[in-house]
Each structure stands twice: as C-alpha cells, then as structure tokens.
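Peer 1:
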Amino acid sequence: MKRPQQVFEWQWHTLDSMTPGLLYGMLALREAIFVVEQGCVYQELDGLDRQALHLVGLAEREPAACLRLLPPGSLGDEARIGRVAVAAGSRGRGVARSMMRMAIRRARREYPSAALGLSAQSYLRLFYESLGFSVCGDEYLEDGIAHLPMRMG
Numbered sequence: 311m312k313r314p315q316q317v318f319e320w321q322w323h324t325l326d327s328m329t330p331g332l333l334y335g336m337l338a339l340r341e342a343i344f345v346v347e348q349g350c351v352y353q354e355l356d357g358l359d360r361q362a363l364h365l366v367g368l369a370e371r372e373p374a375a376c377l378r379l380l381p382p383g384s385l386g387d388e389a390r391i392g393r394v395a396v397a398a399g400s401r402g403r404g405v406a407r408s409m410m411r412m413a414i415r416r417a418r419r420e421y422p423s424a425a426l427g428l429s430a431q432s433y434l435r436l437f438y439e440s441l442g443f444s445v446c447g448d449e450y451l452e453d454g455i456a457h458l459p460m461r462m463g
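Heads up: the sequence shown at position 100 corresponds to 410 in our numbering, and the numbers run straight through without jumps.
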C-alpha cells in the first residue's frame, strides 16, 4: 500500500532568523534521530549552527526534515553539508534526495569556488554517490558509527 504524499514547505534560515518554535522543532528532530534513534551520546549543539544556513522542511507546520550548510572555513576549506535528518514518518518518499539537491544548488550559489564536502554514514554511500559525491578518504568511526568522508568538486 502506497503511503500518502506529504506536502513540504521548505525554508532556508540562519539561526537568528528562526522563531523560537521553529528552532526548538529543528533541534528536537535532530536530537530524536542522532541521539535517541541512533543511540549516540554526543554534543549535538557543537557551536557551528550559528554560522550555518539551515534548510528546514515543514510538514503540517512542524519540522520533518532538516540539514545545515556550513560555509568554507568552518570545518576546512570546503563548504559542508551536515546534520541531514528526516523524521521516521517521512522517510522513503524522496525527501532526503530533494533536500540534498536544494542544498547542493544553494552551496553552488553561495560558495561557487568551493568544493562541497560531507561526512556520510557508510551505509548511505550509494545515496550520496548518486548525488555526485565521491569518497575521498578512509572509513572512520564517529560516535560509534562508520562514516566516510565524501566530496563533490
């Protein structure tokens, strides 16, 4: 049985442009996935959100997907996509692919001369390769989860 299509409203924000409710919802989504679902105890609020552009997907006015785009110089010379999160009820519908394509376009517009990088959970390698990223280093553990460094030129 096919699940009904969710309608997403996509919004780009800086941390300062978010309402307190939107910020709370985005951080709660990230915590639910990265800390609770994946069982990782780590510092989710790492100080980088202040310099990031945040893409938030709202379904029924609540954050159901998000990611952040860091400018070059935040974590090396490249722009970086991170904290890619999709709520469990919104998975399997192409939400992450749509969100990543929006982030890649925004990165190319904001930082045209910079490479684009990310740290991918290893099981998502093929997904990120399908978007144009390539593995650029050895697999490593981050918070007990296997990751691969990936880059798009």
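For every residue, glycine included, the Cβ atom is placed at its ideal position computed from N, Cα and C.
Drop a sphere of 10 angstroms on the beta-carbon of L436, count the other beta-carbons inside from all chains shown, and report buried for 16 or more, exposed for fewer.
Peer 2: For this step, residue 436 is matched to residue 126 along the sequence shown. Exposed is the call here.
Peer 1: What separation, rounded to the nearest whole angstrom, lies between the Cα atoms of R418 and A424?
Peer 2: The residue given as residue 418 occupies position 108 in the sequence shown. The residue given as residue 424 occupies position 114 in the sequence shown. Distance between the alpha carbons of R418 and A424: 8 Å.
Peer 1: Where does A338 sit, in a helix, a strand or coil, going by DSSP?
Peer 2: The count along the sequence shown starts at 1 and reaches residue 338 at position 28. Of the three classes helix, strand and coil, the one that applies to A338 here is helix, per DSSP.
Peer 1: Do you know whose CA, among E372, L363, M410, lies nearest E420's CA?
Peer 2: For the purposes of this step, residue 420 is identified with residue 110 of the sequence shown, where counting begins at 1. For the residues E372, L363, M410, the minimum Cα distance to E420 belongs to L363.
Peer 1: Going straight from the alpha carbon of M409 to that of Y352, what length do you get?
Peer 2: Indexing the sequence shown from 1 puts residue 409 at position 99. Indexing the sequence shown from 1 puts residue 352 at position 42. Roughly 25 Å separates the two Cα atoms.
Peer 1: Hey, would you say S432 sits closer than 8 Å to A456, going by beta carbons?
Peer 2: The residue you call residue 432 lines up with position 122 of the sequence shown. The residue you call residue 456 lines up with position 146 of the sequence shown. Yes, these two residues count as a Cβ contact at 8 Å.
Peer 1: Buried or exposed: which applies to P422, given that a residue is buried once 16 or more other Cβ atoms fall within 10 Å of its Cβ?
Peer 2: Position 112 of the sequence shown, counted from the first residue, corresponds to residue 422. P422 is exposed by the Cβ-count criterion.
Peer 1: Determine the direct distance from the alpha carbon of Q361 to that of R390, and round the result to whole angstroms.
Peer 2: The count along the sequence shown starts at 1 and reaches residue 390 at position 80. The count along the sequence shown starts at 1 and reaches residue 361 at position 51. Distance between the alpha carbons of R390 and Q361: 11 Å.
Peer 1: Tell me the rounded alpha-carbon separation between L295 and M460.
Peer 2: Residue 295 is absent from the model: the chain starts at 311 and stops at 463.
Peer 1: Please report the residue range of the alpha helix (DSSP H) in which A413 lies.
Peer 2: Walking along the sequence shown from the start, residue 413 turns up at place 103. 405–420 is the extent of the alpha helix (DSSP H) around A413.
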